[in-house]
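One structure is given here, and the rest of the page talks about it.
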Amino acid sequence: MSKPESFIYTSDFATLKGDDKGTISVSMPAQILESLAQVSTFLDITIGSQNANSRIRIANNKDGNNFYACYVYNADRIGNGAGGPLSYSVLAYTARISPTTLRVYVTAKNPNPEGIGMDPGTETFTFEISTYKSPFI
Amino acid sequence: MPAILSNASQFLLTTDFPLDKIIYMTTGSVDIPATDFRDVAIPHGLTFTPLMDGTYSTDSEFNVSYDIGSGQPYPGSFGLFGQSTSIEADSTNVYLHATNFTSGAITVYYRLFGFIPSNVNVDAPATSALADLFQLNPRYNYAKLFSAERVTSTTTINHGLGYRPQVSMWHELGGRTYKTLHAQPGTASTNVLARVTTSDVVVSVLSADAAHVRIYLDE
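If you're matching them up, the sequences are chains A and B in order. The first sequence begins at 1 in the working numbering and counts up by one. The second sequence begins at 138 in the working numbering and counts up by one.
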């Protein structure tokens, strides 16, 4: 055994290998969300080798275009219901649909028992995706 | 001589910055009935709590695999994915939580690996069994670790790279260390946040005891 933090590199320990990177933006215009419903929009990006892991940074235009390291970005919003303002969420996340294709989603979810109008303006999420190979591949 | 960052990121390997070292690896599977979940506890045998990560698949051949925190799209449900996973560890076990939201039973096959926290400096068992194979291959770029830190309050880590680097995050809460999956800016109810700019990583420790951040030279 050895202390891993004492070495720049040591053959005792498996390591990770860089793989791929890409950027993609997905937008959702403001619209009516039905009661207890969700609306999604998505785009596909070819990125990464089969079984590669991801590190993702996500930014939203309504939140200052600040990039956060995460896999699911949850943005709290206020929409307009018949009786006044109501909360809802907009989420940005990815799902792999094939060995080398990532589907990038924006989903607006209305948890309220009535329809609401989303906050005005288009929601645009930008994803910066880096993939790497784990020691299993 | 101080490291020249603009050069270091162009190298496959540089003695100015360490490579990631995997100190724990495990694989396995768990059967999950429809609309159910399973918690898998895996004794890790380490003398510290590792920072865990991994991938999983719903087929044993791993034809398509998913990050911890992601999954298969599941249109029509109020959830995001057909299945979800999260991972955490304490000083004894690795814990994999797997939920099946679909209407049919599934098997989750997992491949998990772990890092040693930056505030731990002890021996760790070797994980590389490739004594007769190449340890380094110039076909690959090896992700170089710029910094690894454990912080207990909001901290700005200056990297000065001029681009937004790769960042991995974990948070400590109640004696366990969790792979950070979600960001919910603007609310104190989120555990930790890592805002990544071209010069800094601003780590906010909100509903957590501490955050572990690994920043890489690579974009």
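Note that beta-carbon positions come from the ideal geometry of N, C-alpha and C, so glycine has one too. In this text, all values refer to a predicted model and were calculated from it rather than measured experimentally.
With a threshold of 16 other beta carbon atoms within 10 Å, Glu114 (chain A) falls short and is exposed. DSSP places Lys17 (chain A) within a strand segment (E or B) once states are collapsed to three.
For Ile45 (chain A), the closest alpha carbon among the candidates A:Gly64, A:Lys21, A:Met28 and A:Phe67 is that of A:Lys21. Across the stretch 11-23 of chain A, CB contacts with chain B closer than 9 Å involve Ser11, Asp12, Phe13, Ala14, Thr15, Leu16, Lys17, Gly18, Asp19 and Lys21, in sequence order along the chain. Contact between Ile294 (chain B) and Ser284 (chain B) holds, since their C-beta atoms are separated by about 6 Å, short of 8 Å. Taken through DSSP and simplified to helix, strand or coil, Asn328 (chain B) comes out as coil. Taking a Cβ-Cβ threshold of 8 Å, the residues of chain A close to Met162 (chain B) are Ala14, Pro135 and Phe136, in chain order. Of the residues A:Ala37, A:Gly18 and A:Ile116, the one whose Cα lies closest to the Cα of Ala82 (chain A) is A:Ile116. Across the stretch 174-204 of chain B, CB contacts with chain A closer than 9 Å involve Asp190, Gly191, Thr192, Ser194, Phe199, Asn200, Val201, Ser202, Tyr203 and Asp204, in sequence order along the chain. When only Cα atoms are considered, Ser25 (chain A) and Val338 (chain B) end up about 22 Å apart.
Contact with chain A is absent for Glu286 (chain B), since none of that chain's Cβ atoms lies less than 8 Å from the residue's Cβ. Using a Cβ-Cβ distance cut-off of 8 Å, the stretch 242-257 of chain B and the stretch 165-172 of chain B are in contact, since at least three pairs of beta carbons, one from each stretch, lie closer than that value. Within 9 Å of the CB of Ile8 (chain A), the CB atoms of chain B belong to Leu150, Thr151, Thr152, Asp153, Phe154, Pro155 and Leu156, in sequence order along the chain.
Within chain B, the C-beta atoms nearer than 9 Å to that of Thr94 (chain A) come from Asp204 and Ser207, in chain order. Distance check between Ala347 (chain B) and each of B:Phe185, B:Ala320 and B:Asn328 places B:Asn328 closest, using alpha-carbon atoms only. Only residues of its own chain outside the window of five on either side were considered, and among them Ala285, Glu286 and Arg287 have a CB closer than 6 Å to the CB of Ser255 (chain B), listed in chain order. Take the alpha-carbon of Arg301 (chain B) and the one of Thr23 (chain A): they are about 12 Å apart. Within the model, the alpha-carbon separation for Asp190 (chain B) versus Gly84 (chain A) is close to 43 Å.
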